[in-house]
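J.: Quick one: the structure is below, and I'll ask about it shortly.
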Amino acid sequence: MTGSDVLRLDAVGKEYPGPPVTRALSEVTFSVRTGEYVGVVGPSGSGKSTLLNLVGALDRPSEGRIVIDGHDTSTVSDRQLSAVRCRSIGFVFQSFNLVDGLDAVDNVALGLLYAGESTASRRRRAMTALERVGLSHRSDHRPSRLSGGERQRVAIARALVSDPALLLADEPTGNLDTQNGDAVLELFDELHREGATIVLITHDPQVAGRLPRTVAIRDGHVCSDVTAAPTAAEVSA
Ligand SMILES: Nc1ncnc2c1ncn2[C@@H]1O[C@H](COP(=O)(O)OP(=O)(O)OP(=O)(O)O)[C@@H](O)[C@H]1O
Ligand SMILES: [Mg+2]
23 MTGSDVLRLD AVGKEYPGPP VTRALSEVTF SVRTGEYVGV VGPSGSGKST
73 LLNLVGALDR PSEGRIVIDG HDTSTVSDRQ LSAVRCRSIG FVFQSFNLVD
123 GLDAVDNVAL GLLYAGESTA SRRRRAMTAL ERVGLSHRSD HRPSRLSGGE
173 RQRVAIARAL VSDPALLLAD EPTGNLDTQN GDAVLELFDE LHREGATIVL
223 ITHDPQVAGR LPRTVAIRDG HVCSDVTAAP TAAEVSA
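Our numbering puts the last residue of the sequence shown at 259; the count rises by one with no breaks.
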């Protein structure tokens with residue numbers, strides 16, 4: 023692991039206890055450096071959600087080692103594991119997971135609960151995060167009064183607001199039509215250009231095709247890890 027790795031998986035395996043015992047991942051090794059944007063792709067049942075749970079510090083591997091933002095998840099206590107989850111990772115889910123009784127700014131402020139800040143300071147930071155995703159004009163809307171694409175942008179603001187080391191997105195365009203899905207992917211591109219480290223899980227080859235690096239898993243194994251050649255615009259930038 024180099025100093026700039028945000029995430030490092032070393033021969034990671036996961037078995038679900040039975041009966042019957044199910045092996046979901048074997049010998050998964052890869053790392054993600056600060057500022058990288060990586061897609062994890064694979065067909066249904068290949069182990070993507072299992073991997074997400076491990077990389078998101080929601081579960082621990084059966085074998086091997088995962089280091090998230092400098093913390094080895096196999097050796098930390100349960101309490102430390104949840105601290106890693108809250109401090110180092112921003113989650114974006116397929117189904118947005120917003121609280122319907124709260125307006126957009128308060129949903130975003132939920133991403134700061136762990137920080138123990140005052141309500142006023144959390145709301146200020148939440149407004150800044152909403153500006154970042156282009157939604158400050160919708161700060162007082164509840165989720166039911168937002169479009170699907172806007173809901174996902176609020177969820178992305180909530181994930182970003184604590185400035186996590188890693189943004190972890192699970193099928194973030196899965197519940198969106200093509201136009202809103204594209205807008206969300208453009209937002210991820212922009213966050214990547216601004217320096218965010220992103221791991222995006224998808225079964226959609228079209229989504230994967232536009233990412234700078236894709237790690238493909240099949241039957242619980244990494245079957246390829248491909249970095250795309252930079253575009254002409256990136257070379258001249
Ligand atoms: N809690 C569990 N207990 C036992 N087996 C499980 C459990 N969760 C997943 N599995 C098994 O582990 C394997 C990988 O499942 P996983 O949910 O990680 O796949 P996935 O790639 O996310 O699939 P999908 O695209 O359909 O969501 C599958 O064979 C699945 O049946
Ligand atoms: Mg899954």
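Yeah, the Cβ is synthetic: ideal placement off N, Cα and C, and Gly gets one too.
Helix, strand or coil for residue 24? Go by DSSP, reduced to three states.
T.: For residue 24, the predicted structure reports a pLDDT of 48, less than 50, and the residue's modelled location is therefore unreliable. A value from the coordinates is still provided. The answer is coil: DSSP assigns residue 24 none of H, G, I, E or B.
J.: Could you tell me whether any non-hydrogen atom of ligand 1 is closer than 7 Å to the CB of residue 72?
T.: Yes, the Cβ of residue 72 comes within 7 Å of a heavy atom of ligand 1.
J.: Roughly how many angstroms separate the alpha carbons of residue 187 and residue 51, rounded to a whole number?
T.: Distance between the alpha carbons of residue 187 and residue 51 is about 20 Å.
J.: Specify the secondary structure class of residue 85 as computed by DSSP and reduced to three states.
T.: Three-state DSSP puts residue 85 in a strand.
J.: Considering only their Cβ atoms, is the gap separating residue 242 from residue 68 smaller than 8 Å?
T.: Yes, the pair counts as a contact, with Cβ atoms nearer than the cut-off.
J.: Quick one: using the 10 Å Cβ neighbour count with 16 as the cut-off for buried, is residue 107 buried or exposed?
T.: That one is buried.
J.: When you measure from the CB of residue 69 to every non-hydrogen atom of ligand 1, does any distance come out below 7 Å?
T.: The answer is yes for residue 69.
J.: Taking three-plus beta-carbon pairs below 8 Å as touching, is the stretch 221–228 in contact with the stretch 137–157?
T.: Flag = no, the stretch 221–228 and the stretch 137–157 do not touch.
J.: Measure the beta-carbon distance from residue 3 to residue 158 and round it to whole angstroms, keeping in mind my assumption that it falls under 8 Å.
T.: No answer is possible for residue 3: the residues shown for the chain start at 23 and end at 259.
J.: Give me the Cα-Cα distance between residue 206 and residue 114, rounded to the nearest whole angstrom.
T.: Looking at the two C-alpha atoms, the distance is approximately 11 Å.
J.: Who are the Cβ neighbours of residue 27 in its own chain at under 8 Å, not counting the five residues just before and after it?
T.: These residues qualify, in order along the chain: 53, 54, 55, 56 and 89.
J.: In or out: residue 95 buried (at least 16 other Cβ within 10 Å) or exposed?
T.: Buried: at least 16 other Cβ atoms inside 10 Å.
J.: So is the beta-carbon of residue 243 under 7 Å away from any non-hydrogen atom of ligand 1?
T.: Not under cutoff, so the answer is no.
J.: Our contact map puts residue 154 next to residue 182 with C-beta atoms below 8 Å; I'd like the distance itself, whole angstroms only.
T.: Correct: roughly 7 Å between the Cβ atoms.
J.: Run the proximity test for residue 62: is its beta-carbon closer than 7 Å to any non-hydrogen atom belonging to ligand 3?
T.: No copy of ligand 3 appears in this structure; the ligands present are ligand 1 and ligand 2.
J.: Quick one: which unbroken beta strand (DSSP E) runs of 3-plus residues sit fully inside the stretch 73–150? Chain order, please.
T.: Complete beta strand (DSSP E) runs here, min 3: 85–90 and 111–114.
J.: Considering just the uninterrupted stretch of the alpha helix (DSSP H) at residue 231, what are its terminal residues?
T.: Looking at the DSSP string, the run of the alpha helix (DSSP H) that includes residue 231 is 227–231.
J.: Could you tell me the distance, in whole angstroms, from the CA atom of residue 34 to the CA atom of residue 80?
T.: Residue 34 and residue 80: Cα-Cα distance of roughly 15 Å.
J.: Could you give the DSSP three-state label for residue 36: helix, strand or coil?
T.: Residue 36 falls in the strand class under three-state DSSP.
J.: Mind checking who residue 195 pairs with in its DSSP beta bridge?
T.: Note: residue 195 sits in no beta bridge, so no partner.
J.: Could you tell me whether any non-hydrogen atom of ligand 1 is closer than 7 Å to the CB of residue 246?
T.: Result no, Cβ not under 7 Å from ligand 1.
J.: With a threshold of 7 Å (Cβ to nearest heavy atom), would residue 44 be considered close to ligand 1?
T.: Residue 44 Cβ: within cutoff of ligand 1.
J.: Below 7 Å, is the gap between the Cβ of residue 163 and the nearest heavy atom of ligand 1?
T.: Residue 163 Cβ: outside cutoff for every heavy atom of ligand 1.
J.: Compare the beta carbon distance of residue 172 and residue 160 with 8 Å and say whether it is the shorter of the two.
T.: It is a contact, given that the beta carbons lie within the stated cut-off.
J.: Could you tell me if residue 83 is buried or exposed, where buried requires 16 or more neighbouring beta carbons within 10 angstroms of its beta carbon?
T.: Its Cβ being crowded by 16 or more others within 10 Å, residue 83 is buried.
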